[in-house]
Amino acid sequence: MMITVRDLHKQFGKLEVLKGISCTVAESEVVVVIGPSGSGKSTFLRCLNMLETPTSGEVVVDGVSLTAPGTDLNRVRQEMGMVFQRFNLFPHKTALENVTLALLKVRRMKREEADAIGHALLAKVGLADKAHVYPDHLSGGQQQRVAIARALAMKPKVMLFDEPTSSLDPEMVGEVLAVMKDLAREGMTMVVVTHEMGFAREVGDRVLFMDEGRIIEEGTPEQLFEHPRHERTQSFLGKILYSRRLQ
Amino acid sequence: MQLIWDSLPIILLGARSTVSITLIAVTLGCVIGLFAGIARLARNRAVRLLATAYVDFFRGTPLLVQIFMVYFGLPQVADSFQHYLMATFSIPQIWQSTHINPFPAAIISTSLNSGAYIAEIFRAGVQSIERGQMEAARSLGMTHAQAMRFVILPQAFKRVIPPLGNEFVAMLKDTSLLSVIGFEEMARRGQMLIALTYKPFQIWTTVALIYLLMTFVISRFVDYLERRLKTGDDHR
Numbered sequence: 006m007m008i009t010v011r012d013l014h015k016q017f018g019k020l021e022v023l024k025g026i027s028c029t030v031a032e033s034e035v036v037v038v039i040g041p042s043g044s045g046k047s048t049f050l051r052c053l054n055m056l057e058t059p060t061s062g063e064v065v066v067d068g069v070s071l072t073a074p075g076t077d078l079n080r081v082r083q084e085m086g087m088v089f090q091r092f093n094l095f096p097h098k099t100a101l102e103n104v105t106l107a108l109l110k111v112r113r114m115k116r117e118e119a120d121a122i123g124h125a126l127l128a129k130v131g132l133a134d135k136a137h138v139y140p141d142h143l144s145g146g147q148q149q150r151v152a153i154a155r156a157l158a159m160k161p162k163v164m165l166f167d168e169p170t171s172s173l174d175p176e177m178v179g180e181v182l183a184v185m186k187d188l189a190r191e192g193m194t195m196v197v198v199t200h201e202m203g204f205a206r207e208v209g210d211r212v213l214f215m216d217e218g219r220i221i222e223e224g225t226p227e228q229l230f231e232h233p234r235h236e237r238t239q240s241f242l243g244k245i246l247y248s249r250r251l252q
Numbered sequence: 026m027q028l029i030w031d032s033l034p035i036i037l038l039g040a041r042s043t044v045s046i047t048l049i050a051v052t053l054g055c056v057i058g059l060f061a062g063i064a065r066l067a068r069n070r071a072v073r074l075l076a077t078a079y080v081d082f083f084r085g086t087p088l089l090v091q092i093f094m095v096y097f098g099l100p101q102v103a104d105s106f107q108h109y110l111m112a113t114f115s116i117p118q119i120w121q122s123t124h125i126n127p128f129p130a131a132i133i134s135t136s137l138n139s140g141a142y143i144a145e146i147f148r149a150g151v152q153s154i155e156r157g158q159m160e161a162a163r164s165l166g167m168t169h170a171q172a173m174r175f176v177i178l179p180q181a182f183k184r185v186i187p188p189l190g191n192e193f194v195a196m197l198k199d200t201s202l203l204s205v206i207g208f209e210e211m212a213r214r215g216q217m218l219i220a221l222t223y224k225p226f227q228i229w230t231t232v233a234l235i236y237l238l239m240t241f242v243i244s245r246f247v248d249y250l251e252r253r254l255k256t257g258d259d260h261r
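Residue numbers (the working numbering), protein chains in the order written: chain A, 6 to 252; chain B, 26 to 261.
Here it is in structure tokens:
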């Protein structure tokens with residue numbers, strides 16, 4: 006297993022956001038996490054690379070327990086890329102510098118070597134011509150693609166996506182999803198929190214439905230979308246499909 | 026008029042000291058302030074408390090009192106320490122009664138004072154950077170220190186320049202307090218000239234106008250920097 010999560014709890018003060026999550030993600034698997042807002046799905050994702058420290062429970066990534074005391078989290082995080090809802094590109098760095106920063110400072114790679122990797126990754130996400138442009142001069146979709154390239158630079162074993170298309174204008178969602186589909190096809194292990202049901206259906210190997218801090222139901226996209234067993238899943242999907250039909 | 030022309034070289038010599046001590050105070054203040062500002066945000070509670078105590082003390086007490094504490098208080102403490110060494114460990118007396126010159130006393134008091142204000146400027150600058158920047162840096166495997174150095178601080182420095190300019194202007198004026206310990210900056214020179222000439226109005230007006238000229242030039246320069254940085258600032 007690439008990721009194993011056992012009985013994960015997370016509390017913010019008195020508020021219990023995660024109430025015991027257990028799941029596994031196999032190598033090359035694409036797991037899509039869906040659920041209403043406030044269900045804890047982003048918190049769950051952020052616990053996977055310890056941006057959020059769980060209150061209790063265990064997270065094991067590629068055989069290393071992240072929750073065990075003394076684990077070098079910085080080392081583990083080098084193997085896990087993360088893409089954020091709000092891109093979080095470094096505004097004082099060009100697209101290329103965003104991609105190469107960690108290679109230079111964390112991996113201590115030579116500049117020529119890092120630049121070569123950076124250019125290759127920008128080309129991969131379709132932004133070869135934007136290498137020397139600052140994030141502010143890129144569209145949201147382009148920024149998010151640079152952010153994906155930045156995460157890929159460290160050659161991660163796992164990629165975490167936290168609602169990567171939620172702050173994009175509708176016409177830019179497609180270009181970001183296309184890059185993610187390519188990644189899935191290449192066999193990247195991915196955990197994706199998203200509202201894009203089309204993406205979940207097409208690319209997801211497995212879908213987790215979360216509500217109120219628990220995994221309510223999981224299964225293949227067909228099972229979950231066509232024959233949801235749980236009443237809360239049905240009502241959530243019903244609302245989403247209804248709103249889609251209105252659009 | 027002749028009087029002003031005659032005293033101008035002496036006042037300007039004082040102005041040079043004023044600018045020098047201000048530059049030294051703000052430069053050392055930046056070094057102290059950077060560490061104290063970051064310490065104010067440290068996860069370690071003791072470090073945070075220590076930095077907070079420093080900042081609160083030097084911002085919460087008058088610079089004049091701080092100058093007295095350093096100039097008159099520090100030598101007394103040094104002497105008491107020596108007496109203690111003699112009495113307890115019978116270490117022979119190393120120095121006679123201690124005296125600190127106005128110049129080092131001026132540097133110590135103004136730098137410590139400036140450091141406290143600049144610590145707050147840096148802290149605010151760091152905190153103004155979106156949390157996602159730190160998270161993105163950490164998610165790439167950077168340590169907290171690396172993320173600070175390569176991601177947070179470069180962005181914070183830009184935002185900190187206007188308030189740093191204001192601190193410089195404030196310190197330039199406050200150095201006039203150093204006249205009380207005989208440090209020969211501009212106000213002290215003015216006092217000395219008045220003792221010679223008995224013309225307080227003319228001398229103080231000249232001194233005031235030179236202060237005004239200096240603060241005016243610096244403020245305009247800071248405004249200019251601020252405007253340039255705004256156009257260069259690619260992010261809000």
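For every residue, glycine included, the Cβ atom is placed at its ideal position computed from N, Cα and C.
Please read these numbers as outputs of a predicted model, since none were measured by experiment.
Check	Outcome
Got a sec: which bits of the region 137 to 160 of chain A sit with their beta carbon under 9 Å from any beta carbon on chain B, in order along the chain?	Tyr139, Pro140, Asp141, His142, Ala152, Arg155, Ala156, Ala158, Met159
Considering only residues of the same chain and omitting the five flanking positions on each side of Leu188 of chain A, which have a CB-CB separation below 7 Å?	Met164, Met195
Exposed or buried, which one is Ile119 of chain B when buried takes at least 16 other CB atoms within 10 Å?	exposed
Pick from A:Leu157, A:Met159, A:Gln147, A:Pro161: whose alpha carbon is nearest that of Lys170 of chain A?	Going by the sequence as given, residue 170 of chain A is Thr instead of Lys. Of A:Leu157, A:Met159, A:Gln147, A:Pro161, the residue nearest in Cα terms is A:Gln147.
How would you write the range of the beta strand (DSSP E) that His256 of chain A sits in, first residue to last?	A query on residue 256 of chain A cannot be resolved here, the shown segment of chain A reaching from 6 to 252 and no further.
Rounding to the nearest angstrom, what Cα-Cα distance links Ala162 of chain B and Leu110 of chain B in this structure?	51 Å
Which residues bound the alpha helix (DSSP H) around Arg211 of chain A?	It is not in any alpha helix (DSSP H) - Arg211 of chain A instead sits in the beta strand (DSSP E) that spans 211 to 216.
Considering only residues of the region 142 to 174 of chain A, which uninterrupted beta strand (DSSP E) runs meet the minimum length of 3 residues and lie entirely inside it, listed in chain order?	163 to 167
Name, going along the chain, the residues of the region 153 to 180 of chain B whose beta-carbon falls closer than 7 Å to a beta-carbon of chain A.	Gly157, Gln158, Glu160, Ala161, Arg163, Ser164, Leu165, Gly166, Met167, Thr168, Gln171, Phe175, Val176, Pro179, Gln180
Taking Lys19 of chain A as the reference, give the member of A:Cys52, A:Thr60, A:Met7 with the closest Cα.	A:Thr60
Using three-state DSSP, classify Thr29 of chain A as helix, strand or coil.	strand
What do you reckon, are the CB atoms on Leu29 of chain B and Thr222 of chain B nearer than 8 Å?	Residue identity check: residue 29 of chain B is Ile in the sequence provided, not Leu. For Ile29 of chain B and Thr222 of chain B, no; Cβs fall outside 8 Å.
Could you compute how far the alpha carbon of Ser134 of chain B sits from the alpha carbon of Ser105 of chain B?	21 Å
Just the C-alpha distance for Thr200 of chain B and Ile46 of chain B, rounded to the nearest angstrom, thanks.	8 Å
Three Cβ pairs or more, each shorter than 8 Å: is that satisfied between the region 140 to 153 of chain B and the region 63 to 83 of chain B?	yes
Alpha carbon to alpha carbon, how far is Gln216 of chain B from Ile228 of chain B?	8 Å
Take Thr168 of chain B as the anchor and find which of A:Val30, A:Leu78, A:Ser33 has the nearest alpha-carbon.	A:Leu78
By the 10 Å Cβ neighbour count, where 16 or more other Cβ atoms means buried, how is Arg261 of chain B classified, buried or exposed?	In this predicted model, Arg261 of chain B has a pLDDT of only 39, less than 50, meaning its place in the structure is not dependable enough to derive any value.
Buried or exposed: where does Glu2 of chain A fall if 16 or more other Cβ atoms within 10 Å of its Cβ makes it buried?	One cannot answer for residue 2 of chain A here, as it falls past the ends of chain A, which runs 6 to 252.
With the cut-off set at 8 Å, would you say Ala76 of chain B and Arg65 of chain B are in Cβ contact?	yes
List the whole-angstrom C-beta distance separating Gly145 of chain A from Asp174 of chain A, where the pair is believed to meet the contact cut-off of C-beta under 8 Å.	6 Å
Drop a sphere of 10 angstroms on the beta-carbon of Asp141 of chain A, count the other beta-carbons inside from all chains shown, and report buried for 16 or more, exposed for fewer.	exposed
According to DSSP, simplified to helix, strand and coil, what is Lys98 of chain A?	coil
Using the rule of at least 16 other Cβ atoms within 10 Å of the residue's Cβ for burial, across every protein chain shown, is Glu231 of chain A buried or exposed?	exposed
Does the contact criterion of 3 or more C-beta pairs under 8 Å hold for the region 30 to 50 of chain B versus the region 197 to 212 of chain B?	yes
What ranges does the alpha helix (DSSP H) occupy inside the region 35 to 106 of chain B, keeping only unbroken runs of at least 4 residues that lie completely in it?	70 to 85, 88 to 93
Mind listing the chain B neighbours of Lys110 of chain A? Cutoff is C-beta to C-beta under 7 Å, in chain order.	Met167, Gln171, Phe175
Mapping DSSP to helix, strand and coil, what is Lys244 of chain A?	helix
Looking at the secondary structure, which residues open and close the beta strand (DSSP E) in which Ile39 of chain A lies?	35 to 39
Which residues in the same chain have their Cβ closer than 6 Å to the Cβ of His137 of chain A, if we skip the five residues on either side of it in sequence?	Thr99
In the DSSP assignment, find the beta strand (DSSP E) that holds Met87 of chain A and state where it starts and stops.	85 to 88
Can you tell me where the alpha helix (DSSP H) with Ser139 of chain B in it begins and where it stops?	127 to 152
Below 8 Å, can you find three or more Cβ-Cβ pairs linking the region 47 to 67 of chain A to the region 124 to 136 of chain A?	no
Can you tell me where the alpha helix (DSSP H) holding Val208 of chain A begins and where it ends?	202 to 208
Between the beta-carbon of Arg150 of chain A and the beta-carbon of Val104 of chain A, is there less than 8 Å?	no
Please list the partners that Met164 of chain A has in chain B, where partner means a Cβ-to-Cβ separation under 7 Å.	Per Cβ cutoff of 7 Å: no residues; Met164 of chain A is ~11 Å from chain B at best.
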